[in-house]
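280 is the number of the first residue of the sequence shown in the working numbering; add one for each residue after it. Here is the structure we will look at.
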Amino acid sequence: MDAAYVFRVTFRIDPEGARADPDRFETTVEVPAVEPGEEGWLLFRDRLWRGEVGDEPSVRRFLGERLGVEVERVAFRELRTDRAYLDALEAAIDADRSRFNAESVDEVLHKYLGSSIHVRD
Numbered sequence: 280m281d282a283a284y285v286f287r288v289t290f291r292i293d294p295e296g297a298r299a300d301p302d303r304f305e306t307t308v309e310v311p312a313v314e315p316g317e318e319g320w321l322l323f324r325d326r327l328w329r330g331e332v333g334d335e336p337s338v339r340r341f342l343g344e345r346l347g348v349e350v351e352r353v354a355f356r357e358l359r360t361d362r363a364y365l366d367a368l369e370a371a372i373d374a375d376r377s378r379f380n381a382e383s384v385d386e387v388l389h390k391y392l393g394s395s396i397h398v399r400d
């Protein structure tokens, strides 16, 4: 199984005792998706809403910790996944749909990821 949450991130560097030009950078960041059911697998529920970043300050901190920089802006791009991961994700959601306050797995996926799921094989 292989999946990652893909974000577009803008950050600035402010080196001590030096000047950088440019000092602002944009990059794509891929955060590996945790196996469904394992601790941390609910990143989509905790960080996203309708395919967008749900709470930008907390996501900027989350990604800034991983990058070692202060993130200025962040946008969610997609859950890039293979079929095996998506099947496992759907099964884990279906096993505990009440956690998501939804009638179906499709409703859960749309509620948090919108149409931002990209299956690659």
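Note that beta-carbon positions come from the ideal geometry of N, C-alpha and C, so glycine has one too.
| query | result |
| --- | --- |
| Nearest to A371 (by Cα), restricted to the options G316, L342, V308 and L346 | G316 |
| Three-state secondary structure (DSSP) of I292 | coil |
| Close-in-space but distant-in-sequence residues of the same chain around W320 (CB under 6 Å, 5 per side omitted) | V313 |
| Member of G343, F323 and E318 whose CA lies at the smallest distance from the CA of V288 | G343 |
| Through-space distance from T306 to I292, alpha-carbon basis | 13 Å |
| Beta-carbon proximity check, P301 vs A283, cutoff 7 Å | no |
| Cross-strand partners of Y284 (DSSP beta bridge) | V310 and L358 |
| Pairwise C-alpha distance: R399 and Y364 | 10 Å |
| Chain B within 7 Å of D293, Cβ atoms only | Among the chains of the structure shown, chain B does not appear; only one protein chain is present. |
| Sub-7 Å separation of H397 and R359 beta-carbons | yes |
| Under the three-state DSSP convention, the category E305 falls into | strand |
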